[in-house]
Ligand SMILES: Nc1ncnc2c1ncn2[C@@H]1O[C@H](COP(=O)(O)OP(=O)(O)OP(=O)(O)O)[C@@H](O)[C@H]1O
Ligand SMILES: [Mg+2]
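Protein chains in written order, with the numbering used here: chain F, 1 to 255; chain Z, 1 to 253.
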């Protein structure tokens, strides 16, 4: 569980997070919605403390990390897999090396065959096994995203943060990725946070939903609560995203 | 924040990075493989250009001083003069500046683009310390390779001088070589090694700092790269003066 209490973050004069309160439930998938530029990626980075926290508390599984140093954050970060919005693959490494990196760096095993098996398993899952020896520079944007996804999942982390996992992907691949997110969460009881604009993806993977607006969480709740929410900005956001009838199909639907 | 404040903040950050590099030497993990790879990269990238520039510098040095010395009938000392100036001064400074332009720029650009494409964040997110993985490895490699390159520069510079001395002034290679070697004492050699060691440390420190603090996309990478070269070249020249002072004081020469 991750408890985010009154978190504030500014860049110079610009206040991006103005007191975010949110609880990320254990073993569930929380989808964070919000307009472009509202601070969703910043929120994920602040939780990982890739960006310093100005004010507030972040409690991860009961451990208050708010004033942890870079070194104290290391073991916590190893428990969290992060899919960056821009993939952030290492240019100098092949696809295989990128995915193997977290395992080689501090995995539990040094056994090359085991690492190779795990890496190839994930690459196959994201449909990138043929590109194992390519460099990131030779891949398309969507392909990079899929490799980055494999890298985020490879260590079976306790938490996974997905920053727009399906943006820029074709519907078939996007659907595969959604299934993968769903399945990972079911199988390993991973606590996941998904940032997305893609309502299909949100509805497929999400257990809980949060809407970030004006630097605060304007809404947090289940899918039923999401669709019946009276928060005007959220209603507008949803209305522009997909037809209402489409969203309502997900109500009460078994996933 | 005004410019002055910004400047002092970045100087503080710069020294903080230096402190982090030093601290990082005392606890694991150590990335030996990366360090060796960096040594190889730094060496391979620069030995040709360092060799070329010092070879021609040696030639020019002899050409310029030869005529002057000949006026005083001291032509045979041209080898001594060339080797002392190369070993004590020109070899280290030339190597420092050439490596700053070649390797320093490369490091600033590489780390800078890693910064703006979030690769540094990705490393941190996976629990890797980017200082250890990217900076300390390059720093250690620089400490080893830059002095080695300076020795190469000294040697090739003297060789260049030797050719010109022979071709232009008719000094035999044997006697040029003899005067060039005889004149060097232990203090010259100490100076010739300490200087590039310090310059190597400075230029890689600057390049890494500029790389890691890059902001503003690809345009920012370009800026960092240029600044890295300009700043480290200036620091090398200023540092040269102070290293000279300190060494003269310590070695009592
Ligand atoms: N490192 C930074 N320095 C300065 N400002 C930043 C930085 N990172 C983000 N910002 C600013 O913070 C705001 C929120 O950015 P963020 O990337 O979190 O948006 P987002 O909600 O993820 O948007 P999108 O959906 O487009 O990805 C933006 O206005 C951005 O300009
Ligand atoms: Mg974002």
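Note that CB positions come from ideal geometry on N, CA and C, so glycine has one too.
| Check | Outcome |
| --- | --- |
| is_contact[residue 86/F, chain Z] using C-beta, thresh 8 Å | yes |
| Interface residues of chain C facing residue 118/Z [CB-CB closer than 7 Å] | Here the protein chains are F and Z, and chain C is not one of them. |
| Whole-Å CB distance - residue 191/Z paired with residue 88/Z, under 8 Å assumed | 5 Å |
| Residues within the region 96-107 of chain F neighbouring chain Z, beta-carbon criterion of under 9 Å | 101, 102, 105 and 106 |
| Residue 35/Z - containing alpha helix (DSSP H), residue span | 32-71 |
| Pocket of ligand 2 defined by Cβ to heavy atom distance under 7 Å | 40/F, 41/F, 85/F, 163/F, 164/F and 195/F |
| Residue 16/F beta carbon near ligand 1 (any heavy atom closer than 7 Å) | yes |
| Residue closest to residue 220/F, alpha-carbon to alpha-carbon, out of 228/F, 211/F and 227/F | 211/F |
| Under the three-state DSSP convention, the category residue 151/Z falls into | helix |
| The region 98-117 of chain F touching the region 184-193 of chain F, judged by at least three CB pairs closer than 8 Å | no |
| Sufficient close CB pairs (3 or more, under 8 Å) joining the region 105-115 of chain Z to the region 197-217 of chain Z | yes |
| Cutoff 8 Å: residue 158/F Cβ touching any chain Z Cβ | no |
| Where residue 164/F falls, given that 16 or more other Cβ within 10 Å makes a residue buried | buried |
| Selection from 153/F, 170/F and 120/F that minimises the alpha carbon distance to residue 143/F | 170/F |
| From 217/Z, 129/Z and 43/Z, residue whose alpha carbon lies closest to that of residue 27/Z | 129/Z |
| is_contact[residue 128/Z, chain F] using C-beta, thresh 8 Å | yes |
| For residue 162/F, the residue or residues it bridges with in DSSP | 83/F and 194/F |
| Contact list for the region 26-57 of chain F against chain Z, Cβ threshold 8 Å | 45, 48 and 50 |
| Nearest residue (CA-CA) to residue 233/F, options 214/F, 250/F and 44/F | 214/F |
| 8 Å Cβ cut-off: residues of chain Z touching residue 91/F | 113, 114, 117 and 119 |
| Near ligand 1: residue 266/F beta-carbon under 7 Å from a heavy atom | Nothing can be reported for residue 266/F, as the shown portion of chain F is limited to 1 through 255. |
| Distance cut-off 7 Å: residue 141/F Cβ against heavy atoms of ligand 1 | no |
| Residue 20/F beta carbon less than 8 Å from that of residue 7/F | yes |
| Helix, strand or coil at residue 109/F according to DSSP, with G and I counted as helix | coil |
| Straight-line gap, residue 71/Z to residue 55/Z (C-alpha atoms, nearest Å) | 25 Å |
| Three-state secondary structure (DSSP) of residue 100/Z | helix |
| Cβ pair residue 232/Z, residue 206/Z closer than 8 Å | yes |
| Any chain F beta carbon closer than 8 Å to residue 109/Z | no |
| Bridge partners - residue 153/F, DSSP secondary structure assignment | Per DSSP, none; premise fails for residue 153/F. |
| Test: residue 3/Z CB closer than 8 Å to a CB of chain F | no |
| Contact with chain F by residue 124/Z, beta-carbon distance below 8 Å | yes |
| Proximity test, Cβ basis, 8 Å: residue 77/F and chain Z | yes |
| Among 11/F, 178/F and 203/F, the one whose alpha carbon lies nearest that of residue 55/F | 11/F |
| Meets three-Cβ-pair contact criterion under 8 Å: the region 34-41 of chain Z and the region 55-64 of chain Z | no |
| Terminal residues of the beta strand (DSSP E) in which residue 214/Z lies | Per DSSP, residue 214/Z belongs to no beta strand (DSSP E) and is neither H nor E. |
| Interface flag, residue 74/F vs chain Z, CB-CB below 8 Å | yes |
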